[in-house]
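Asker: To convert, count from 1 in the sequence shown and add 1; that's our numbering.
One structure follows; several queries about it will come next.
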Amino acid sequence: MDLMSGLDKFGLNPEEINDLYDDEKKTVTGNTPVAATVQTEDERDFVFAKSVTCPVCDESFQTLTVKASKVRLVGSDDDFRPVYKGIDTVKYGVTSCPHCGYSAMNGDFIHVSNVQIRLLKEQVAAKFKPGNKNVPLIYSYEEAIDRFKLALFSAIVKRAPYSEKAYICLKMSWLYRGLLEKLVADGESPDSEELVNAQKSESYYYEQALDGMTRAVETEHFPIYGMNQDTVDLLLAQMNCKLEHLDVASKLIARVLISKSASRHIKDKALDLKNEIIKKIRDVK
2 MDLMSGLDKF
12 GLNPEEINDL
22 YDDEKKTVTG
32 NTPVAATVQT
42 EDERDFVFAK
52 SVTCPVCDES
62 FQTLTVKASK
72 VRLVGSDDDF
82 RPVYKGIDTV
92 KYGVTSCPHC
102 GYSAMNGDFI
112 HVSNVQIRLL
122 KEQVAAKFKP
132 GNKNVPLIYS
142 YEEAIDRFKL
152 ALFSAIVKRA
162 PYSEKAYICL
172 KMSWLYRGLL
182 EKLVADGESP
192 DSEELVNAQK
202 SESYYYEQAL
212 DGMTRAVETE
222 HFPIYGMNQD
232 TVDLLLAQMN
242 CKLEHLDVAS
252 KLIARVLISK
262 SASRHIKDKA
272 LDLKNEIIKK
282 IRDVK
């Protein structure tokens with residue numbers, strides 16, 4: 002699968018940097034989507050247009066932002082993907098400049114060094130073909146995926162750390178999971194090309210996220226994206242379990258369970274996962 006297919010419509014060619022972590026890609030394994038969440042509220046009520054100035058081209062633009070006071074969290078998936086009533090907030094996690102193409106996770110957008118700005122100007126802004134600059138009422142999954150791909154491309158160009166690229170990939174897998182839920186809720190056939198492609202994309206970016214986050218733990222200091230080591234270990238255990246890497250997941254869970262710093266909540270989740278891993282191993286045998 003092409004890491005960032007579709008970026009050619011923006012004038013960008015990622016062929017030479019398709020290896021996200023400069024290493025051979027691992028074989029992608031399956032990842033089962035969660036049950037569909039039917040949204041009955043109007044998504045437009047949960048977002049507003051916010052003005053932003055791009056640190057690369059200095060142009061101002063508007064981007065849709067979630068109204069934090071309006072959304073209501075109803076739960077989360079085992080790998081920490083949040084589920085809100087009426088809106089998939091993951092779609093709104095990237096800020097993307099419509100003038101030069103520079104894109105990043107909302108919290109990272111303004112944090113670029115002079116060297117990174119130069120790289121982004123040379124390899125993104127100089128080649129970017131702006132599309133429609135009007136702000137839509139909401140972001141569709143297709144629009145959100147494009148924005149995340151631009152963020153991933155920008156992260157590679159500016160030589161972002163493993164953790165930043167991995168987090169983008171994790172959010173992209175969540176995006177495809179949300180798209181899968183929508184397709185299922187809309188009655189899409191399980192064999193339809195759109196649904197099958199979404200399943201493959203979810204698994205692909207999930208594997209990339211696991212690879213990058215594992216590298217980040219080995220090379221970067223905690224906290225990583227606001228997560229301490231116990232939280233990251235639990236996340237990696239959940240991801241490895243989902244991808245059937247049960248030996249690795251078991252070792253990570255053991256580390257969480259004996260950690261003196263892990264909270265009761267984290268240890269309870271780790272214990273639940275341990276039981277799930279034991280069941281999976283028994284089923285295999």
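No residue lacks a Cβ here, since even glycine has one placed at the ideal position from N, Cα and C.
1. Using a Cβ-Cβ cut-off of 6 Å (strictly less than) and excluding sequence neighbours within five positions of V249, which residues of its own chain qualify?
2. To which residues of the same chain is V91 closer than 8 Å at the C-beta, ignoring the five residues directly before and after it?
3. Taking the beta strand (DSSP E) that L74 falls in, what are its first and last residues?
4. My output table needs one value for Y205: the three-state DSSP class, helix, strand or coil.
5. Report all residues from its chain with a CB closer than 6 Å to the CB of D46; omit the five preceding and five following residues, and keep chain order.
6. Any idea which residues DSSP pairs P83 with across the strands?
7. Using 10 angstroms around the beta-carbon of I259, count the other beta-carbons present and answer buried if the total reaches 16, otherwise exposed.
8. For my contact list, Y93 and C55 are in at a C-beta cut-off of 8 Å; report their separation, rounded to the angstrom.
9. Exposed or buried, T220, counting other C-beta atoms within 10 Å across all chains shown (16 or more means buried)?
10. Across the segment 208-218 and the segment 183-191, are there enough close Cβ pairs to call them in contact, namely three or more that are closer than 8 Å?
11. I think Y1 touches S164, with their Cβ atoms under 8 Å apart; what is that distance to the nearest whole Å?
12. Going by DSSP, what residues sit across from L65 in a beta bridge?
13. For L121, which of V95, A152, A199 and D43 has the nearest alpha-carbon?
14. Does the segment 190-205 come within contact of the segment 98-112, defined as at least 3 CB pairs closer than 8 Å?
15. According to DSSP, is A105 part of a helix, a strand, or is it coil?
16. Does the separation of the CB atoms of F62 and C98 fall below 8 Å?
17. Closest by CA to A199, which one among D231, F223 and E143?
18. Tell me which residue opens and which closes the beta strand (DSSP E) that V95 is part of.
19. What would DSSP say about I157, mapped onto helix, strand or coil?
20. Could you tell me the boundaries of the alpha helix (DSSP H) in which L236 lies?
21. Please name the residue in M228, L247 and L253 whose C-alpha comes closest to that of D284.
22. Under the criterion of a Cβ to heavy atom distance below 7 Å, does V158 qualify as lining the ligand PLP?
23. Does the beta-carbon distance from V257 to L235 come in below 8 Å?
24. By DSSP's criteria, I88 is part of a beta bridge. Which residues make up the other side?
25. Please report the straight-line C-alpha distance between H100 and L65, rounded to a whole angstrom.
Answerer: With the given structure in hand:
1. N241
2. R82, P83, A145, K172, W175, L176 and G179
3. Note, L74: beta strand (DSSP E), L74 to S77.
4. helix
5. none
6. Residue pairing by DSSP places P83 opposite S77 in a beta bridge.
7. exposed
8. The C-beta distance from Y93 to C55 rounds to 18 Å, too long to meet the 8 Å contact threshold.
9. With fewer than 16 Cβ atoms within 10 Å of its Cβ, T220 is classed as exposed.
10. no
11. Here the chain covers residues 2 to 286 and nothing more, so residue 1 does not appear.
12. L65 pairs with A50.
13. Considering only alpha carbons, the answer is A152.
14. no
15. strand
16. It is a contact, given that the beta carbons lie within the stated cut-off.
17. Per the Cα distances, E143.
18. V95 to S97
19. helix
20. Q230 to K243
21. L247
22. Questions concerning the ligand PLP fall outside what the structure shown contains, since it holds no ligand whatsoever.
23. yes
24. Y85
25. 16 Å
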